[in-house]
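Numbering (UniProt numbering), first residue to last: 1 to 444. To start, the structure under review is shown below, and the notes come after it.
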């Protein structure tokens, strides 16, 4: 089937929405005053609202979209808590103590999420599957082997390298030169996770205002004046958790976060024998390419969900879907030309630090910049920000909370005009990595 024919059939809404719909919330009056106003109703904002309301604070949460329409229900559901820079890069940028703290906090954040799901009885198809990360060439195999040793030695995480002859035990492809496995990462249904967090928030006294945009904020004596499309609010403190969906209400933050489209396609049902052959361990999957791809089985094990960076900045063109299907076929040749049932995108937020961040400016606290790993980090830093607002110093302590805030991106005011240039550079680096592998194999 051609992609054009498939395009006439696949849905542009997330696969997750097929069995997890969000009903409109009751419209409640906007109170003129509150202790904390939260901007953003995803994992971070709702998690913060729960902690603040349970501590007795009056909370109003504002989201310009209906709850459940943004990244928290559009992502791949891979609960990794990954950090893009390696440990050496983290040490160069932030020093050894903070670098080690960041890595240790990742383990704590993942374990906290598992505990939350169990204690709060959130049903979101979670399973601790483990992750296979594929390497493109021998140099990257060596890097992954060292990383596996670091995870074992430093964090006590079950991890090991995978030699090329053993790759097929984890994923049915000849594409990778090797890889590594870590067993502390799982998969879940992201929309059901958000639905569960929303359910818990609704049992508190937090007031949730969807379809209510924040237009701007201004500092005043004793707090912050928040202008919304439904009236003004005076809050003692403001917490901003808008991440990649930050708009002009906060120009200062907008210059520090770059929204990047991430797209996922869902294949048609593949059959048990095909899934057993291609994903025998039913793990989460990724690889070491600069333009990396991430993929996984659907929670019911019937199909593959395959994602990567979209590369576009506006509209909903067909080319990114064509590209993803081509890359899927590159890894799994028997799936070349496979039919698709869904193709959708969401926004992830990058910043110049390339790690999630928490920081403050006056009476406003920010929990943002999750760099494509918000399933773990958004909820975690939303909670940390809430503890910071509550003055609970020990609970609020985080390796991601430090000054200064991420630097502004030069020549950027909200339109990521440079994305195609960056992607072209990444694509060139990936071709070079493949060339090195092919050259080595030709000589062997």
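Just so you know, even glycine gets a beta-carbon here, dropped at the ideal spot from N, CA and C. None of these values were measured; they are calculated from a predicted model.
Query raised in the report: Where in the stretch 284-325 do unbroken runs of the beta strand (DSSP E), each at least 3 residues long, occur, reported from the N-terminal end onward?
Result: Fully enclosed beta strand (DSSP E) runs of 3 or longer: 284-287, 293-297 and 304-309.
Query raised in the report: How far does the beta strand (DSSP E) with residue 209 in it reach, from first residue to last?
Result: As a first step, residue 209 is located in the chain shown; it is residue number 209 there, counting from the start. Note, residue 209: beta strand (DSSP E), 207-209.
Query raised in the report: Taking the continuous alpha helix (DSSP H) assigned at residue 274, which residues delimit it?
Result: The sequence position of residue 274 within the chain shown is 274, counting from 1. It spans 272-278 - the alpha helix (DSSP H) in which residue 274 sits, taken as one unbroken run.
Query raised in the report: Leaving out the 5 sequence neighbours to the left and right, which residues in its chain are closer than 6 Å to residue 58 when beta-carbon positions are compared?
Result: Working through the chain shown from its first residue, we reach residue 58 at position 58. 34 and 35.
Query raised in the report: With 16 as the cutoff for other CB atoms within 10 Å, does residue 387 come out buried or exposed?
Result: In the chain shown, the residue the question calls residue 387 occupies position 387. Buried: at least 16 other Cβ atoms inside 10 Å.
Report task. At 4 residues or longer, and completely inside the stretch 149-219: list those alpha helix (DSSP H) runs for me, N to C. Result -> 190-202
Requested in this report: Go to residue 366, then tell me how far its beta strand (DSSP E) extends in each direction, as first and last residue.
Outcome: Sequence index remark: in the chain shown, residue 366 carries index 366 (1-based). Where residue 366 is concerned, the enclosing beta strand (DSSP E) stretches over 364-368.
Query raised in the report: Can you list the beta strand (DSSP E) stretches of 3 or more residues lying completely in the stretch 37-70, in chain order?
Result: 59-62
Requested in this report: With a threshold of 16 other CB atoms inside 10 Å of the CB of residue 419, please say whether the residue is buried or exposed.
Outcome: Your numbering for residue 419 matches position 419 in the chain shown. Its Cβ being crowded by 16 or more others within 10 Å, residue 419 is buried.
Query raised in the report: Under 8 Å between the Cβ atoms of residue 224 and residue 235?
Result: Here residue 224 is taken as the residue at index 224 of the chain shown, counted from 1. Here residue 235 is taken as the residue at index 235 of the chain shown, counted from 1. Yes. Within cutoff.
**Report entry** Distance between residue 53 and residue 204 (C-alpha atoms, nearest Å)
**Finding:** Within the chain shown, numbered from 1, the residue matching residue 204 stands at position 204. Within the chain shown, numbered from 1, the residue matching residue 53 stands at position 53. Whole-angstrom Cα-Cα distance: 6 Å.
Query raised in the report: If you check the beta carbons only, do residue 348 and residue 78 fall under 8 Å apart?
Result: The count along the chain shown starts at 1 and reaches residue 348 at position 348. The count along the chain shown starts at 1 and reaches residue 78 at position 78. No. Outside cutoff.
Report task. Assign residue 120 to one of three DSSP states: helix, strand, or coil. Result -> Locating residue 120 in the chain shown gives position 120, counting from the first residue. Coil at residue 120, not helix or strand.
Query raised in the report: Going by the beta-carbon positions, is the gap between residue 399 and residue 105 smaller than 8 Å?
Result: Taking the first residue of the chain shown as 1, we reach residue 399 at position 399. Taking the first residue of the chain shown as 1, we reach residue 105 at position 105. Yes, the pair counts as a contact, with Cβ atoms nearer than the cut-off.
Query raised in the report: What separation, rounded to the nearest whole angstrom, lies between the Cα atoms of residue 304 and residue 340?
Result: Along the chain shown, one-based indexing puts residue 304 at 304. Along the chain shown, one-based indexing puts residue 340 at 340. Taking the straight line from one Cα to the other gives about 10 Å.
Query raised in the report: Taking the C-alpha atoms as reference points, what is the distance between residue 451 and residue 147?
Result: Absent from the model: residue 451. The displayed extent of the chain is 1 to 444, so no value can be given.
**Report entry** residue 228: first and last residue of the uninterrupted beta strand (DSSP E) it sits in
**Finding:** Looking up residue 228 in the chain shown gives position 228. From DSSP, the beta strand (DSSP E) with residue 228 extends over 223-228.
Query raised in the report: In its own chain, which residues sit with a C-beta less than 8 Å from the C-beta of residue 98, not counting the 5 before and 5 after it?
Result: Within the chain shown, residue 98 is the residue found at index 98, counting from 1. Once the five neighbours on either side are set aside, the close Cβ partners of residue 98 are 90, 399 and 402.
Requested in this report: Pick helix, strand or coil for residue 430, following the three-state DSSP scheme.
Outcome: The count along the chain shown starts at 1 and reaches residue 430 at position 430. Note: residue 430 maps to helix in three-state DSSP.
Requested in this report: Determine the DSSP secondary structure at residue 99, reduced to helix, strand or coil.
Outcome: On the chain shown, residue 99 is found 99 positions in, with the first residue counted as 1. Looking at residue 99 - three-state DSSP - the assignment turns out to be helix.
Query - Which of helix, strand or coil DSSP assigns to residue 22 - result: Along the chain shown, read from residue 1 onward, the residue named residue 22 stands at position 22. Look at residue 22 here: in three-state DSSP terms it is coil, with no helix or strand label.
Requested in this report: Tell me whether the beta-carbon of residue 318 lies closer than 8 Å to the beta-carbon of residue 328.
Outcome: Taking the chain shown and counting its residues from 1, one reaches residue 318 at position 318. Taking the chain shown and counting its residues from 1, one reaches residue 328 at position 328. If you check the CB distance, residue 318 and residue 328 do not come in under 8 Å.
Requested in this report: Please name the residue, chosen from 417, 289, 326 and 359, that lies closest to residue 313 on a Cα-to-Cα basis.
Outcome: Position 313 of the chain shown, counted from the start, is the residue given in the question as residue 313. The shortest Cα separation from residue 313 among 417, 289, 326 and 359 belongs to 417.
Query raised in the report: How should residue 393 be labelled, buried or exposed, when 16 other C-beta atoms within 10 angstroms of its C-beta is the threshold for buried?
Result: The count along the chain shown starts at 1 and reaches residue 393 at position 393. The residue in question, residue 393, is exposed, as its Cβ has fewer than 16 Cβ neighbours within 10 Å.
Query raised in the report: Could you give the residue range of the beta strand (DSSP E) that holds residue 240?
Result: Counted from its first residue, the chain shown places residue 240 at position 240. Counting along the chain, the beta strand (DSSP E) containing residue 240 begins and ends at 231-240.
Query raised in the report: How about residue 254 and residue 414: do their beta carbons lie closer than 8 Å?
Result: Translated into the one-based positions of the chain shown, residue 254 becomes position 254. Translated into the one-based positions of the chain shown, residue 414 becomes position 414. Taking 8 Å as the Cβ cut-off, residue 254 and residue 414 qualify as a contacting pair.
Query raised in the report: CB-CB under 7 Å to residue 372, same chain, minus the five flanking residues each way: which ones, in chain order?
Result: What you label residue 372 is simply residue 372 of the chain shown in a count that begins at 1. Closer than 7 Å at Cβ, skipping near neighbours: 262 and 348.
Query - Three-state class that DSSP yields for residue 85 in the structure shown - result: Here residue 85 refers to the residue found at position 85 when the chain shown is read from its first residue. DSSP places residue 85 in coil when its eight states are reduced to three.
Requested in this report: Say whether the stretch 272-281 touches the stretch 350-358, bearing in mind that this needs 3 or more beta-carbon pairs closer than 8 Å, one atom from each stretch.
Outcome: no
Query raised in the report: Secondary structure at residue 141, three-state DSSP: helix, strand or coil?
Result: In the chain shown, residue 141 corresponds to position 141, counting from 1. Here residue 141 sits in helix by DSSP.
Requested in this report: Compare the beta carbon distance of residue 367 and residue 385 with 8 Å and say whether it is the shorter of the two.
Outcome: Counting from one through the chain shown, the residue named residue 367 turns up at place 367. Counting from one through the chain shown, the residue named residue 385 turns up at place 385. Yes, the pair counts as a contact, with Cβ atoms nearer than the cut-off.
**Report entry** Alpha carbon of residue 397 to alpha carbon of residue 121, nearest angstrom
**Finding:** Along the chain shown, read from residue 1 onward, the residue named residue 397 stands at position 397. Along the chain shown, read from residue 1 onward, the residue named residue 121 stands at position 121. If you take the alpha carbons of residue 397 and residue 121, they lie about 26 Å apart.
Query - Same chain only: Cβ atoms within 7 Å of residue 442, ignoring 5 sequence neighbours per side - result: Translated into the one-based positions of the chain shown, residue 442 becomes position 442. Bear in mind that a pLDDT of 49 at residue 442, under 50, signals an unreliable position, so the model cannot answer this.
Query raised in the report: Taking the alpha-carbon positions, what's the residue 140 to residue 185 distance?
Result: As a position in the chain shown, residue 140 is number 140, starting the count at 1. As a position in the chain shown, residue 185 is number 185, starting the count at 1. Straight-line Cα distance between these residues: approximately 21 Å.
Report task. Using the Cα positions of residue 286 and residue 41, report the straight-line distance between them to the nearest angstrom. Result -> Residue numbering aside, residue 286 sits at position 286 when the chain shown is read from its first letter. Residue numbering aside, residue 41 sits at position 41 when the chain shown is read from its first letter. So the two alpha carbons sit approximately 28 Å from each other.
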